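Chemist: Would you mind keeping the following structure in view while I ask a few things?
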Amino acid sequence: MRQFWTSVYNTFFPVFLLIVRLVSLFLPKVKATLDGRRHLFADLEAKLKQLPQDHHPRLWIHASSVGEFEQARPVIAAYRKHAPDAFVAVTFLSVSGYEAKKNSPDTNLVCYLPVDTPANATRFVSMLRPDVLILMRYDFWLNHLLEARCQGATLILASAVLAPNAAYLRPVIKSFYRVIFTLFDKVFTLTEADAVRYRASFGLKDVEVGGDPRFDQVVQRSRNRAKVQHLQKHYEGRKVLVAGSSWKIDESMILPAFKSVQAENDSLILVPHEIRNENILRLEDDLNRAGFTFEKISSLSASFTADKVLIIDQIGYLAELYSLASIAYIGGGFGVNVHNTLEAAVYGIPVIYGPNIKKSLEAKELAALGGATIVHNENDLQAILKKFFTDEKARKASGEIAGRYVAERTGATEKILEYLLALGLHHSSSLRR
């Protein structure tokens, strides 16, 4: 069956590639994806020449984009502590992932994954010479997986999900993905339900619930509050609403809702998603019209008091700012999708966001448990803010649920790390089959 599907895949892949090239004439993002790979092998060869060639073990991590890489980051950091001299390569499918993380610390090499032809796969894997490939969540390219296995690498699928209605489970497609999934030596799933479906649907034996390493990352990051240390004195003893990654539509509801419930000891910190000058000027106009006084973090005065709204017009503050919050509002829920909810929930505070959460499992689960509240309009937001600002018991109860949600899901990094170390992936000798 593997040979059959490999033949079918490589027969139709050139047709797929031709369609992608035609589409790239009209879609800049697709064109950028292809253009980024134009000199891939020449660039890779130049980069590898600058690195020691005897580095072992050799770990290759593939992530489709930024989100999947964020799942891998705590694994890479933890592994580095055990194998500081190891070679760690990260590949991306997307332009956004590569551009955002091409200078990532703890890695020796970051590059695009080549177009998935047999020749490219053979050349690429021969250059990387991985002992282990960890594929995060999804993004399965048959030729590269086959070649990695053929050249002796151990294959691990981490943070794997398999919904009951997944395309992988449809007739015919299921047969193809059975070939894909049986290439992996180990599968770490996100949940027990995912593990059950992988075993039952594809006959996989070495499947274990691993969880999501991002939970470990947000816990680790929550311990670092140096960036906001100078602000703590201003907000001690106050009830603080931090609106993180807010867009104009979020702010159009936040400002009047907060104004209507604000008491003497209540504070607002706004962290707009877009910090370009024109957006900050627009936000300042909105604050003036709503009757707020404010200051910006970039020009904070010595006389600043927390009675004023604080605008964060610089990057790098948000995750730590939630440590000052009593309540968090997360933007994006009235746009494409809500932004990161875990960065706030880790501090044990109630979380509020709009209804567009279909791409965020944790946003759905937090709301179902009571650790988060979904609002649909300004009236909803005003009501929940009034409740949380005036009812300490309700605020703490919701916050405790949010904090517990994160705490109970940590440990994925340790499970994956233990498996790597059991393979001998902290020793200098090659681990190839």
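Quick note: the sequence shown uses our numbering, first residue 692, plus one each step. Glycine is no exception: its CB is placed at the ideal position from the N, C-alpha and C atoms. A quick note: this is a predicted structure, and the numbers were derived from the prediction, not measured.
1. Leaving out five residues before and five after V909 in sequence, what residues of the same chain have Cβ atoms less than 7 Å from its Cβ?
2. Would you call the CB atoms of L1012 and I960 closer than 8 Å?
3. What distance in whole Å lies between the Cβ atoms of R1086 and S1017, which are believed to be in contact at a cut-off of 8 Å?
4. What are the partner residues of E986, as DSSP defines its beta bridges?
5. Going straight from the alpha carbon of E1083 to that of E899, what length do you get?
6. Hey, quick one: how far does the alpha helix (DSSP H) through K792 stretch, first residue to last?
7. Measure the Cβ-Cβ separation of L1072 and A1063 and say whether it is below 8 Å.
8. Decide yes or no for the touch test of the segment 879-897 against the segment 952-959: beta carbon pairs closer than 8 Å, at least 3 of them.
9. Would you tell me roughly how many angstroms separate the C-alpha atoms of L826 and T782, rounded to the nearest one?
10. Flag this pair as touching only if the segment 828-845 and the segment 787-801 have three or more C-beta atom pairs under 8 Å; answer yes or no.
11. For a quick check, are the C-beta atoms of D830 and S951 less than 8 Å apart?
12. Could you give the DSSP three-state label for G935: helix, strand or coil?
13. Using a 10 Å radius around the Cβ and a threshold of 16 neighbouring Cβ atoms, would you call S1120 buried or exposed?
14. Taking just the CA atoms, how far does P705 sit from A763?
15. For A1113, which residues in the same chain have their Cβ closer than 7 Å to its Cβ, ignoring the five residues on either side in sequence?
16. Is the segment 1018-1028 touching the segment 1043-1054, taking contact as three or more C-beta pairs under 8 Å?
17. Do S992 and H964 have their C-beta atoms within less than 8 Å of each other?
18. Please state whether DSSP places I1040 in a helix, a strand or coil.
Modeler: Taking the geometry as given:
1. L1033, E1034, V1037, V1097
2. yes
3. Contact flag correct, Cβ pair sits at about 7 Å.
4. L1001
5. 40 Å
6. 786-792
7. no
8. no
9. 10 Å
10. They do not touch, by the three-pair rule.
11. No, these two residues do not count as a Cβ contact at 8 Å.
12. The answer is strand: DSSP assigns G935 an E or B state.
13. Only weak support is given to the placement of S1120: the predicted model assigns it a pLDDT of 47, under 50, and the value that follows is read from those uncertain coordinates. Residue burial is scored here from C-beta neighbours: S1120 has fewer than 16 other C-beta atoms within 10 angstroms and is therefore classed as exposed.
14. 31 Å
15. none
16. yes
17. no
18. coil
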